[in-house]
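Peer 1: The structure under discussion is supplied below as structure tokens; questions concerning it will follow.
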Amino acid sequence: MARINFVAGLVGDPSLPGVRAIIDRLKTKGTLSPEQLVDGCLDLLGPVEVSSETRQELVAQAKEWGQTGWASETSSKTADKRVGEMLQLIVATREYQFA
Amino acid sequence: MAYQEDIALMAHLMRRAGFGAGRDELEARAAKGYEATVEELLHPETQPAVDVYTLLRYQPASLLPGGQPPMGNVNIMYHLVNTKRPLEEKMALFWHHVFATGNSKVDNYDQLLEQIGLFRQGGMGNYRDLLLTIARNPTMIFWLDNNQNHGTAVNENWGRELLELFSMGVGAYTEKDVREASRAFTGWTFETKIPRLPYGRFPWKFEYRPEDHDDGEKEFLGHRGRFDGEDIIDIVVEQPACARFVCRHLYNFFVADEAQVPAWSIEPPRDQKAIDALTATFRQSRFDIRSVLRVLFNSSFFKNARFQHLKSPAEVVVGSLRLVGAMSYRDPDTATCRCSPPTWVRTCSIPRASRDGIRALSGSTVAP
Chain H
43 MARINFVAGL VGDPSLPGVR AIIDRLKTKG TLSPEQLVDG CLDLLGPVEV
93 SSETRQELVA QAKEWGQTGW ASETSSKTAD KRVGEMLQLI VATREYQFA
Chain V
108 MAYQEDIALM AHLMRRAGFG AGRDELEARA AKGYEATVEE LLHPETQPAV
158 DVYTLLRYQP ASLLPGGQPP MGNVNIMYHL VNTKRPLEEK MALFWHHVFA
208 TGNSKVDNYD QLLEQIGLFR QGGMGNYRDL LLTIARNPTM IFWLDNNQNH
258 GTAVNENWGR ELLELFSMGV GAYTEKDVRE ASRAFTGWTF ETKIPRLPYG
308 RFPWKFEYRP EDHDDGEKEF LGHRGRFDGE DIIDIVVEQP ACARFVCRHL
358 YNFFVADEAQ VPAWSIEPPR DQKAIDALTA TFRQSRFDIR SVLRVLFNSS
408 FFKNARFQHL KSPAEVVVGS LRLVGAMSYR DPDTATCRCS PPTWVRTCSI
458 PRASRDGIRA LSGSTVAP
């Protein structure tokens, strides 16, 4: 748990330059579907390869959030937060513990 | 699709030969090419060294931390997170993993930093030379009690670990070989330790005392002569077991997780052909680690081993800090110790970041 919490505490902070860079890259793709959000985050965090079960779990969470977009200031803040939370979920997966 | 595969392969290389890389760096390296990137990693001198002056400007106590281990941790973490020579630091970690010492006994972090510096300097050089350097390194001498290894009263701690942990592994030598090796290293010590009060720690220096050396004839691994420690190392590195042991360590660290080292005498390697290829290079190159690493990183067994290695605590902590761009020391404002808790992973709070990181590095609080 210590290692997961350590990483999650970092990747969930959109003010950090590396996290910001991931968000900015995702932003260029426009409004993201739940699947696109998951795949985009997996790609930019590694690329990280996950099992289909893990991906389904991540997509299920992303679906609860709906689409992610940066069209307005309000939606941008929400989108930044969601990207951070998705990155936190990914670094907590079993697959992320492997190199 | 081919481009995406290039990125994935480059990410694999950078995770293993370094501590990972962000997308901008991966794209630049993919454009440069895989083999060219391997060569760059193998020749760290082509990249700028870590800017230690910036570190010392903000954390001067990290130069000679002496009895302040957190400041020594800051020094090591700063190098790991900020290096542009990732394989150099990775090899320093590798050799520290093999030639393990610790402040719990050494109680002199200046010496530990000096030892890490030796690994940085010689980590990709000649294994025989590195082994000899470590045999003469005061930190290792104290860690394994060779300063208590006298011509008239042999202490086998260093002699045993040299064979068991540092060069060949269990099963490649006898108890008599341990005894004879230990005899050969009598008189290899360091200058008398001075009490650390009132002036604090002081630098340790290797010292050979001929009057304390057992100069008699020895029989070691089938060789007979009036050997000293250097002779023992020359015999050891020529053993096939030594090549297999070092190369299996490299495979375990860089390619895929192996059984724990004490089981190597009964557990065959995960990939015997890979070990054979590395071993052949090790011997043909006369123990040149850079040559072995070149074969390793360019091999198909390495390229096909993605996600077959559980990240070590160091890889988790350092890789994460590099990924998010923390701990750069570049912004003077963050060095004024005025930043608030949400920005704790900035310059002024590196001691805290290091403490948390080092706790994770120690493995004591990390679930496997």
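Residue numbers (my numbering), protein chains in the order written: chain H, 43 to 141; chain V, 108 to 475. Don't be surprised by glycine CBs; every beta carbon is placed ideally from N, CA and C.
Just list the alpha helix (DSSP H) runs in the stretch 227-287 of chain V, keeping only unbroken ones of 4 residues or longer that don't cross its boundaries, in chain order.
Peer 2: Here the runs fully enclosed are 234-242, 245-250 and 264-271.
Peer 1: Apart from the five residues just before and just after V/GLN175, which ones in its own chain have a Cβ nearer than 8 Å to its Cβ?
Peer 2: Excluding residues within five positions, the ones whose Cβ falls inside 8 Å are ALA168 and TYR216.
Peer 1: Residues of chain V with CB under 7 Å from H/GLU95, in chain order?
Peer 2: Residues of chain V passing the Cβ test: none, with the nearest at roughly 16 Å.
Peer 1: Considering Cα atoms alone, identify which of V/ILE340, V/ASN254 and V/LYS325 is closest to V/ARG333.
Peer 2: Among V/ILE340, V/ASN254 and V/LYS325, the Cα nearest to that of V/ARG333 belongs to V/LYS325.
Peer 1: Where V/ASP438 and V/LYS191 are concerned, what is the direct C-alpha to C-alpha distance, given to the nearest angstrom?
Peer 2: Low per-residue confidence applies at V/ASP438: pLDDT is 42, beneath 50, and the placement is therefore not dependable enough to give any value.
Peer 1: In the stretch 411-425 of chain V, which residues sit with their C-beta less than 9 Å from some C-beta in chain H, listed in chain order?
Peer 2: Listed by position, the residues of the stretch 411-425 of chain V near chain H (Cβ gap below 9 Å) are ARG413, PHE414, GLN415, HIS416, LEU417, LYS418, SER419, PRO420, GLU422, VAL423 and VAL424.
Peer 1: Please confirm whether V/VAL431 has its beta-carbon closer than 8 Å to some beta-carbon of chain H.
Peer 2: By this cut-off, V/VAL431 is an interface position.
Peer 1: Measure from the C-beta of V/GLY232 to each C-beta in chain H and report whether the shortest distance is under 8 Å.
Peer 2: So no, V/GLY232 is outside the interface.
Peer 1: Is there at least one Cβ from chain H nearer than 8 Å to V/ILE183's Cβ?
Peer 2: Cβ-Cβ to chain H under 8 Å: no for V/ILE183.
Peer 1: Determine the chain V residues that contact H/LEU58 at a beta-carbon separation under 8 Å, and present them in chain order.
Peer 2: The answer, in chain order, is VAL431, GLY432, ALA433 and VAL452.
Peer 1: Which residues of chain H have a Cβ atom closer than 9 Å to the Cβ of V/ARG130, listed in chain order?
Peer 2: Ordered by position in chain H, the residues that pass the 9 Å Cβ test against V/ARG130 are ALA63, ILE64, ARG67, ASP85 and LEU86.
Peer 1: Buried or exposed: which applies to V/GLY329, given that a residue is buried once 16 or more other Cβ atoms fall within 10 Å of its Cβ?
Peer 2: Burial call: exposed.
Peer 1: Mind reading off the beta-carbon distance from H/VAL53 to V/VAL431? Whole number of angstroms is fine, and I expect it under 8 Å.
Peer 2: Right, their Cβ atoms sit about 6 Å apart.
Peer 1: When DSSP labels each residue in this structure, what does V/SER456 get in the three-state scheme?
Peer 2: Its pLDDT being 34, under 50, V/SER456 is placed unreliably by the model, and nothing is read from it.
Peer 1: Can you list, in chain order, the residues of the stretch 111-128 of chain V whose Cβ is nearer than 9 Å to any Cβ on chain H?
Peer 2: Listed by position, the residues of the stretch 111-128 of chain V near chain H (Cβ gap below 9 Å) are GLN111, ILE114, ALA115, ALA118, HIS119, ARG122, ARG123 and GLY127.
Peer 1: What does H/LEU155 touch in chain V if you count any residue whose Cβ is under 7 Å from its own?
Peer 2: Summary: the structure shown does not reach residue 155 of chain H, with chain H confined to residues 43 through 141, and so no result is reported for it.
Peer 1: If contacts are defined as beta-carbon pairs under 8 Å, then V/VAL171 and V/TYR141 qualify, I think. What distance do you get, rounded to the angstrom?
Peer 2: Reading off the sequence, residue 171 of chain V comes out as Leu, not Val. Wrong, their Cβ atoms sit about 41 Å apart, outside the cutoff.
Peer 1: May I ask you to list the residues that DSSP assigns as paired with V/PHE313?
Peer 2: DSSP, once it has assigned bridges, lists V/PHE297 as partnering V/PHE313.
Peer 1: Name the DSSP bridge partner or partners of V/ARG331?
Peer 2: Looking at the DSSP assignment, V/ARG331 forms a beta bridge with V/GLU326.
Peer 1: Whole beta strand (DSSP E) runs in the stretch 329-401 of chain V with 3 or more residues, listed along the chain?
Peer 2: Taking only runs of at least 3 residues, the beta strand (DSSP E) segments lying wholly in the stretch 329-401 of chain V are 330-332.
Peer 1: So for H/TYR74, helix, strand or coil by DSSP?
Peer 2: Looking at the sequence shown, residue 74 of chain H is not Tyr but Leu. If DSSP states are grouped into helix, strand and coil, H/LEU74 belongs with the strands.
Peer 1: Suppose the cutoff is 8 Å on Cβ atoms and the five residues either side in sequence are ignored; what does the same chain contact list for V/ALA474 look like?
Peer 2: Reliability of the predicted coordinates at V/ALA474 is poor, the pLDDT of 28 falling under 50, and the value obtained from them is presented with this limitation in mind. Excluding sequence neighbours, V/ALA474 sits near nothing in its chain.
Peer 1: Compare the C-beta of V/SER398 with all C-beta atoms of chain B and state if any pair is closer than 8 Å.
Peer 2: Included in the structure are the protein chains H and V, with no chain B among them.
Peer 1: Starting from H/LEU52, find everything on chain V with Cβ-Cβ shorter than 8 Å and list it in chain order.
Peer 2: Those within 8 Å of H/LEU52 in chain V are SER427, LEU428, LEU430, VAL431, ALA433 and VAL452.
Peer 1: Please go through the same chain and pick out, in chain order, the residues whose beta-carbon is closer than 6 Å to the beta-carbon of V/ALA128, but skip the five residues on each side of it.
Peer 2: Counting only Cβ-Cβ distances below 6 Å, and skipping sequence neighbours, we find MET121.
Peer 1: Report the CB separation of V/VAL425 from V/PHE126 in whole angstroms; it is logged as a contact under 8 Å.
Peer 2: Indeed, because the Cβ distance is near 5 Å, the residues count as touching under 8 Å.
Peer 1: Can you tell me whether V/PHE292 is helix, strand or coil according to DSSP?
Peer 2: Three-state result, V/PHE292: coil.
Peer 1: Helix or strand or just coil, what does DSSP make of V/PHE201?
Peer 2: The answer is helix: DSSP assigns V/PHE201 an H, G or I state.
Peer 1: Rounded to the nearest angstrom, what separates H/ARG45 and V/ASP364 at their Cα positions?
Peer 2: Rounded to the nearest angstrom, the two C-alpha atoms are 19 Å apart.
Peer 1: Starting from H/GLN139, find everything on chain V with Cβ-Cβ shorter than 7 Å and list it in chain order.
Peer 2: Those within 7 Å of H/GLN139 in chain V are LEU417 and LYS418.
Peer 1: From which residue to which residue does the alpha helix (DSSP H) around H/LEU131 run?
Peer 2: Start and end: 115-133.
Peer 1: Between H/GLY60 and H/LEU87, what straight-line distance do the alpha-carbon atoms span, to the nearest angstrom?
Peer 2: Rounded to whole angstroms, H/GLY60 to H/LEU87 spans 10 Å at the Cα level.
Peer 1: Per DSSP, H/PHE140 is paired with what?
Peer 2: Note: H/PHE140 sits in a beta bridge opposite V/LEU417.
Peer 1: Taking V/GLU337 as the reference, which of V/THR296, V/ALA291, V/VAL353 and V/ALA348 has the closest Cα?
Peer 2: Taking only the C-alpha atoms, the option nearest V/GLU337 is V/ALA291.
Peer 1: Report, in whole angstroms, the separation of the C-beta atoms of V/THR208 and V/GLN228, which I expect to be a contact under 8 Å.
Peer 2: Going by Cβ atoms, the distance from V/THR208 to V/GLN228 rounds to 17 Å, so no, they are not a contact pair.
Peer 1: In chain order, which continuous runs of the alpha helix (DSSP H) of length 4 or greater are located wholly inside the stretch 119-166 of chain V?
Peer 2: Complete alpha helix (DSSP H) runs here, min 4: 130-139, 141-149 and 159-165.
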